[in-house]
Structures are given as structure tokens and as C-alpha cells.
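My numbering runs 1076 ahead of the 1-based position in the sequence shown.
We put the CB at the ideal spot given by N, CA and C, even for glycine.
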Amino acid sequence: MFDLLHASHVRALKSAKAQGGKDAILIVGVATDEDTQSYKRKPVIPYEQRIKMIKSLDFVDEVITAPLFTNKQFYDFFGITLHVQGDDDAGAIDYYKGGKDLSIIRFIGRDPIESTTSCISKLKDIVGEDFIVEPLYGGISNMAWKISSKMLAKKCVLKYLQSSTAESFSLRHDCIILGGTFALYQYIDGIVGHVNSKEIVEYFIQKKRDTKNFITGLQAKNEIKAFCPALMKYIDKKNIVLLETLKFFDIIYEDIRSWCWTHNDLVRENIIKTSKNEIIFIDWEYADMAPFEMDIASCVINDVIDFSDLDQNEFDIKFVSLLIIFQCIVWINWYKHYPEKYEENLVKMYIEKMNFYKKKLREIK
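Put into C-alpha cells, the structure is as follows:
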């Protein structure tokens, strides 16, 4: 059922595809919540979101609803010639008799490193035995849930990490990694998105003055393997040529640059104002080490900050403009990468902003 899709699930799916040979097409069957509860516990993650997690794996070709019992009609309909199944799914009822009768089923061993049971056990230990799960919404491709316990009065966020962000999340000190694919961190109570431009600008001014978590651009060049892989995966060769023309990769690594952990997707849904008027960012899907001004650029792109509110005595306006161009390119290509989420008005907005800040970049001395 792929509940709490963990690293062992991912390895098993890769192994399944390898069973089919070089040109194999991997079709993954995911059981519904109702079918799952007929033979085991209720899934932690609902069916629709389990489907979404499987679809996020770049080596998976298709995701379908898995029937409770397989038969020839099912295999013929989807053109399945080999059914690969984990042997830990075997039970008293033979759900796979159809595949066995056709001699097309092959069982693979269980990966002992991670299991859904161990992940659930950790959630119970950390959050509480009575934990409940609620979906959270926000960001451009959010897969996160609120995990709470009345017994222990705890609230956490459980976030699914795509492969491009898993490594960077593992470096954070404020979260626990579960199963190699989920981050668990504190849930923040507050009002979502109710901040104005000047408040956010003041937040960044204060952050700029608190330099304890900053490194220089030169340090970043020497210590960090690659620049923002979660964003760069959407940059193609044509974009690289444009960025090189703008000397982007030289400028971001200048020694005068201040690098820190940045969010990179600051839509209003990802900004919370607490009861103490603190500003906190949530849903760090595309977070990584990057120049401090990356988040200012993100706020400008998403109309959280009015560019005219940026004081040139406090911020490098030309550098912010360059980062705005970079992020516009990223999100234009993001929508090309996920055509099912394509929104013409948003893409048009990114293109207009990119062209506007290209012009501004030439004008700023």
C-alpha cells in the first residue's frame, strides 16, 4: 500500500523495475484505504496522497489503483507481463493467486533497513500513542501533514521529502528524519499569510544583522557540492547560457555574499505570524544553502514584498534583481515539468517579471 513511503520502499521499487530488464515500464499499484483496512490497519497517509508520493519518483512510469485480488483481465488491461511483489505482503488469504496461476508473479525479499512499522513506532514515541493525521496545504507542491496528540499535547509537521531535498533536510538541526524520506518537526500555531511588505522587509533587515549562521560566498563555493539542487534540476542548458551571460554563477560565490539556509518558495501560505508577532516560514520543500537575498527575491516574485520597499542602503538591489530572474526561470520550468499543474496566468506573470527585472538589472548602476 506504500504507507509512509520510506527508503526501503524506494529500493524495492527500483529492484522491481530492474526485474523487467533494460526497457521495462514500471507500473505501481497502490491499494485504496478501504481495501487496505480489509486486511490490515488504516493507512497513516490517505490513498490520494500515497498516489502523489509514488508519482513523485522519477523512475516510476505509471501509478494505478491496485485491486484486492488480481486476475487475467486486470493484467491484460494494463499490459502487465511481470508482477513483482514483496514477499512480506504474503498472508493467510492468497491475494496474488491470479498472478501465480498465470506464472507471471515474482516475489522479492524484504529490505530490513526501514519499515512502515518502525516509522509508526517512532511517531508514537515522539508525538504520542494517540496521534492523528491531518493534511496541510501550502507551497507549490506540498506533501505535508499535521501530526498531533491530545494525550501528550504535541503538534508536529510530517513532511515528505523528494529526493532533491532529502540530503539538505538531513543537515538541519531542527527536524528528525524518518525512513530516509520524511522530516518531522515542530508545528507552529499562528495566522497564515497575514503579513505586509514592510513587516517582511524589517524581518530581513534584522536577519541580515544577525550573522551568526552566515558563511561567505567563497566558503560556500569551497564547502557546498552544488548550488540549490532542488531548484537547479529545473534549469536547462539554454537557461544556463543566459545565467552565465549574466555572470550569475560568479556573482553568487563572491566573498562579499552572505549565505545561509534559505526557504526559496515564500508564497503567503508558507509564512506564519505568531501571537507574539514573530514571522516564521513553514513547508521548506525547496530549502537549501544559498545567498541570503534568495528569500527576498522569492518574496518579491510572490508579491509578498513590494520591490520599492527595499532600501538600497540595506540591500544589494542589483543582486536581488539577478536572483529574481533566476527564480522566475526556475518556476517557469517547474510548470513545464509538471504540465498537470500548469497555470497559464502564473507562468505569464513569471515571464513578465523575468523580463522586467532583466531590464531593471541593466538600469541599476
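- In the three-state reduction of the DSSP assignment, His1159 falls in the strand class, which pools E and B.
- Under the three-state reduction of DSSP, Lys1349 is assigned to strand.
- Assignment of Gln1095 by DSSP, reduced to helix, strand and coil, places it in the helix class.
- Its chain contains Asp1111 as the residues whose beta carbon lies nearer than 6 Å to that of Leu1144, once the 5 sequence neighbours on both sides are disregarded; these appear in chain order.
- Where Lys1235 is concerned, the enclosing beta strand (DSSP E) starts and stops at 1230-1236.
- Rounded to whole angstroms, the gap between the alpha carbons of Lys1093 and Trp1335 is 40 Å.
- Between Phe1303 and Ile1328 a beta carbon distance of about 7 Å is seen, short of the 8 Å cut, so the two are scored as contacting.
- Between the alpha carbons of Ala1083 and Val1139 lies a gap of roughly 18 Å.
- The criterion of a C-beta distance shorter than 7 Å is satisfied by Asp1079 and Val1120.
- When C-alpha distances from Lys1301 are compared across Val1268, Met1365, Leu1102, the shortest belongs to Met1365.
- Gly1105 is classed as buried because its beta carbon has at least 16 other beta carbons within 10 Å across all chains shown.
- The C-alpha of Ile1253 lies about 9 Å from the C-alpha of Tyr1261.
- Assignment of beta-bridge partners to Ala1100 by DSSP yields no partner.
- Note that the segment 1348-1357 does not touch the segment 1410-1427; fewer than 3 beta-carbon pairs, one per stretch, sit closer than 8 Å.
- Residue state for Ile1180 is assigned as coil, using DSSP reduced to three classes.
- Taking 7 Å as the cut-off, the Cβ atoms of Leu1237 and Ala1259 count as close.
- Shown here, Ala1296 sits in a helix according to DSSP, grouped into three states.
- Under the rule that a run must span 3 or more residues, the beta strand (DSSP E) segments found entirely inside the segment 1354-1392 read 1355-1357, 1364-1367.
- Collapsing the DSSP output to three states places Thr1287 in coil.
- By the neighbour-count criterion, in which a residue is buried when 16 or more other Cβ atoms sit within 10 angstroms of its Cβ, Asn1272 is exposed.
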